[in-house]
Amino acid sequence: MEGVREMEGEAADLARELERIRGECEGAWEANMAAAEKDEESFAAAIACEWGEMRDAFDAQVSEREAALRTALSSHAHEARAARDAVVEEVTMLRAKLEGLSRAVPNTPRVGFEAGFAVPATPRARPQSARPGTAGGGSRPGSAWGRPESRLR
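In full-length UniProt numbering, the protein residues as written are 1 to 153.
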């Protein structure tokens with residue numbers, strides 16, 4: 001029986017040591033969790049700070065590029081206006097020359113800018129049939145104008 005009591009004593013000692021170790025582990029676990037929460041908060045704050053710095057740098061870069069593009073666009077717009085003005089001036093000069101030429105030659109039909117491109121200089125008419133009612137015949141007998149067979153050749 002003595003052996004049983006010794007074993008019971010050892011079991012009780014082991015149970016007490018188990019409770020002590022369990023208490024230490026729980027305390028260490030709680031301390032680690034608190035440290036992890038602090039680390040997590042500081043990590044989140046560091047990420048937010050870095051994100052803010054990156055966003056500010058990106059915004060500055062975008063603003064810089066936007067200003068450069070506006071400057072380039074303004075320069076190109078100025079060049080385009082100057083080119084347009086030169087073309088308008090040349091067209092005006094050519095219109096004046098054309099008008100002068102058409103006035104210098106009597107009975108010249110108005111063409112180009114003077115006619116506004118609306119009316120051709122000489123109207124084009126299709127040939128009329130030699131006899132009314134004939135389908136697509138020409139002005140001479142045997143003419144193949146307007147006949148489907150002639151289009152296939």
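Even glycine gets a Cβ: it sits at the ideal position worked out from N, Cα and C.
What did DSSP end up calling Met-1 once you bin it into helix, strand or coil? The count along the sequence shown starts at 1 and reaches residue 1 at position 1. In the structure shown, the three-state DSSP call for Met-1 is coil.
8 angstroms is my cut-off, CB to CB: does Ile-21 come that close to chain C? Looking for chain C here will not work: only one protein chain is present.
Compute the Euclidean distance between the alpha carbons of Arg-5 and Ile-21, then round it to the nearest angstrom. Indexing the sequence shown from 1 puts residue 5 at position 5. Indexing the sequence shown from 1 puts residue 21 at position 21. About 24 angstroms.
Do you know offhand how far Ala-83's Cα is from Ala-48's? Looking up residue 83 in the sequence shown gives position 83. Looking up residue 48 in the sequence shown gives position 48. Their Cα atoms are separated by approximately 51 angstroms.
From Glu-2 to Ala-11, what does the alpha carbon distance come to, in whole angstroms? Here residue 2 refers to the residue found at position 2 when the sequence shown is read from its first residue. Here residue 11 refers to the residue found at position 11 when the sequence shown is read from its first residue. C-alpha separation (whole angstroms): 14 angstroms.
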